Amino acid sequence: MVIDKERYINVCPAKLPLLIKIVLKQTLKKHSMNEKREECGVVGVYSKLGKNVTPLIYKSLFALQHRGQDAAGMAIYSGERIVERKGLGLVESIFKKEDLELGGTIGVGHTRYPTIGGFSEADVQPTVYDGIAVVHNGHIANYEKLKAELEKGGYKFMSTVDSEPIVYYLHKEKDLENAVKTIMENAEGSFCDVGIYHDKLIAFRDQRGMRPLVWGENKDFIMFASESVALDVNNVEHKGDIHGGELLVVEDARLRRDQVKEAEPHYCMFEYVYFSRPDSVINGRSVMLVRRLLGEELAKEAPVEVDVVIPVPDTSRTAAMAYAKTINVEYDEGLMKNRYVGRTFIMPTQEKRREAVKLKLNPVREIVEGKRVVLIDDSIVRGTTMREIVGLVRGAGATEVHVRITSPPIKAPCFYGVDMPTFKELIANNKTVEETGKYLGADSLAYLSLEGLKKAIGIPVCDACLTGKYHTEYVRKLAEGSK
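Shown next as structure tokens:
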């Protein structure tokens with residue numbers, strides 16, 4: 000197999016001005032964020048009938064854009080070589096019409112936000128090496144250890160992304176199953192990976208299955224993706240999930256499954272609370288249904304006498320509707336979101352972030368003025384954004400502003416793929432619920448209990464960020480050293 004030597008990096012698409020790209024890269028290098036950030040999205044497509052898979056990859060990346068807006072890329076196997084197309088920015092600004100005409104029967108794609116190290120053009124996935132291309136979602140906590148071991152074996156690292164050691168392990172071990180087993184036994188953290196392995200499409204997931212990975216099939220294609228919406232947009236029937244510790248291989252138009260390591264389910268609760276699209280089905284559970292149940296449980300645990308229930312857009316809408324219905328109070332859209340304003344974490348100072356919140360959200364005075372309001376949101380991290388929102392609603396004439404959160408307090412950082420602040424920066428790690436409510440300027444504050452969260456999700460979840468109880472030894476040491 001021949002690898003395309005001209006690695007296509009679109010570092011300055013027309014729709015993303017150079018100045019914005021420079022600010023974005025500098026900000027990401029500093030790793031400065033105001034709140035939690037989305038995770039990566041991955042997709043893989045295999046054509047059983049020899050059709051071009053590139054259009055399916057492209058549409059899937061649009062469907063998964065919410066999981067990462069910093070960069071995107073695809074790798075397409077034509078039968079002779081792997082060709083890459085990748086760049087910084089949003090999907091629509093990266094790929095050109097001619098990119099969609101690449102002929103290939105196997106392909107993988109990625110939308111990215113960074114979790115490891117810096118962020119440069121070299122860090123945009125897929126990672127390609129000697130007939131292997133991998134896209135990755137998750138976070139390998141012992142990345143530096145794996146990197147050091149592989150460098151001793153002669154591998155030269157060209158980026159800081161977690162997919163690079165994965166690719167080298169797949170290359171180092173000549174037997175695919177042994178290679179994946181080695182990865183599962185040595186890489187600590189969370190990972191789900193989709194790849195082109197010479198003339199095969201492969202996918203595997205860590206034993207705990209923290210990051211989601213589904214699969215689907217129709218008469219033409221077999222697909223793997225982070226969420227079922229990527230299958231829906233391509234009219235590929237959703238067949239189910241790739242299990243924790245499982246390897247799936249598509250070869251000669253047939254799918255085979257191998258349980259490499261025994262599954263130990265600890266699904267990320269944030270996928271249901273915040274990250275995944277509500278129209279997705281992951282781990283056998285409808286995200287929309289779970290969010291409805293979260294709202295119902297929250298209403299049972301923390302009702303409040305108000306005149307109107309308002310969601311903080313966009314992810315808390317479903318929960319807010321359920322909360323309002325359960326307490327028999329009017330639901331309304333009292334905050335309008337400007338979708339053309341960048342994320343507030345990019346702003347360099349707190350004052351600038353406050354200005355950004357005002358640009359992004361605007362209260363509807365006719366809905367909140369003279370009313371007792373309860374704001375429903377999915378989580379509070381630092382609390383700075385919610386404090387500004389409470390101030391906006393109160394400034395628009397609300398007589399009372401109560402806050403209800405559809406997850407428990409976040410007390411610990413995540414080392415499994417969700418970028419959140421340190422112990423010291425997490426407001427719930429430093430203040431009681433009552434103190435946090437006062438900081439927000441709210442008349443009252445209540446979170447959903449851990450028991451209520453688990454009941455609503457209905458499957459085993461990772462709750463390390465809520466309890467500080469991590470599942471793996473290396474991560475426990477990292478957490479202890481970061482306090």
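In terms of numbering that gives the first Met the number 0, the sequence shown is residues 0 to 482.
Each residue gets a CB set at the ideal place from its N, CA and C atoms; glycine is no exception.
Here the structure is a predicted model, which is why all the values come from computation and not from measurement.
- In this structure, ASP240 is the residue among SER59, THR384, GLU354, ASP240 with its C-alpha nearest to the C-alpha of ARG284.
- Three or more Cβ pairs closer than 8 Å define a contact, and the region 134-146 falls short of that threshold against the region 95-102.
- Residue pairing by DSSP places GLU83 opposite ALA74 in a beta bridge.
- For SER275, there is no enclosing alpha helix (DSSP H), as DSSP marks it with neither H nor E.
- Rounded to whole angstroms, the gap between the alpha carbons of ALA74 and PHE414 is 28 Å.
- In this chain, the alpha helix (DSSP H) harbouring PRO54 covers 53-62.
- DSSP places GLU216 inside the beta strand (DSSP E), whose first and last residues are 213-216.
- One alpha carbon belongs to GLU236, the other to ILE426, and they sit about 43 Å apart.
- Apart from sequence neighbours up to five positions away, the residues of its chain that approach VAL280 with a beta-carbon distance below 6 Å are SER227, ordered along the chain.
- With fewer than 16 other Cβ atoms inside 10 Å of its own Cβ, SER481 counts as exposed.
- For GLU176, the number of other beta carbons within 10 angstroms of its own is below 16, and it is reported as exposed.
- DSSP places GLY294 in the helix class (H, G or I) of the three-state scheme.
- Within the DSSP bridge table, the entry for TYR128 names ILE131 as partners.
- For the pair LEU447 and GLU304, the CB atoms are not nearer than the 9 Å cut-off.
- ASN337 counts as exposed, since fewer than 16 other beta carbons sit within 10 angstroms of its beta carbon.
- The beta carbon of LEU444 sits closer than 7 Å to the beta carbons of VAL402, VAL432, THR435, GLY436 from its chain, once the five residues preceding and following it are set aside; these are given in chain order.
- Residue environment for LYS218: exposed (fewer than 16 other C-beta atoms within 10 angstroms of its C-beta).
- Partner residues in the beta bridge of PRO362, as assigned by DSSP, are LEU334.
- Cβ contact annotation for SER162 (same chain, cutoff 6 Å, sequence separation greater than five): GLN124, THR126, VAL133, HIS135, in chain order.
- Residues ALA455 of the same chain have their beta carbon placed closer than 7 Å to that of LEU292, with the five preceding and five following residues left out of the count.
- DSSP places GLY436 in the uninterrupted alpha helix (DSSP H) bounded by 432-439.
- From the listed residues GLY108, VAL90, SER46, GLN68, the smallest Cα separation to ILE56 is found for GLY108.
- Taking the Cα of GLY78 as reference, the smallest distance to any Cα among ASN327, GLY416, ILE458, ASP198 is reached at ASP198.
- Per DSSP, the unbroken alpha helix (DSSP H) holding TYR322 starts and ends at 316-326.
- The beta carbon of ALA70 is closer than 6 Å to those of LEU87, ARG111, VAL123 in its chain, skipping five residues each way along the sequence.
- Contact between the region 363-379 and the region 268-280 is established, with three or more Cβ pairs separated by less than 8 Å.
- Listed in chain order, the non-local C-beta contacts of ILE366 below 8 Å within the same chain comprise VAL307, ILE309, ASP331, GLU332, GLY333, local neighbours out to five positions each way being set aside.
- Separation of LEU200 and VAL389 (C-alpha to C-alpha, rounded to the nearest whole angstrom) is 49 Å.
- Residue nearest to VAL286 within the set GLU354, LEU465, PRO211 is PRO211 (criterion: CA-CA distance).
- Separation of LYS47 and ASN429 (C-alpha to C-alpha, rounded to the nearest whole angstrom) is 55 Å.
- Rounded to the nearest angstrom, the gap between the Cα atoms of PHE94 and GLY451 is 43 Å.
- For LEU200, the beta-bridge partners assigned by DSSP are ILE195, VAL249.
- The beta-carbon separation of LYS58 and VAL232, rounded to 5 Å, stays under the 8 Å limit for a contact.
- Pairing ASP257 with VAL249 gives a Cβ-Cβ distance that is not under 9 Å.
- Spatial neighbours of PHE220 in its own chain (CB-CB distance under 8 Å, excluding positions within 5 residues in sequence) are listed in chain order as VAL44, TYR45, SER46, LYS47, LYS50, VAL52, LEU55, ASN233, VAL235.
- ILE195 and MET320 have their C-alpha atoms spaced approximately 43 Å apart.
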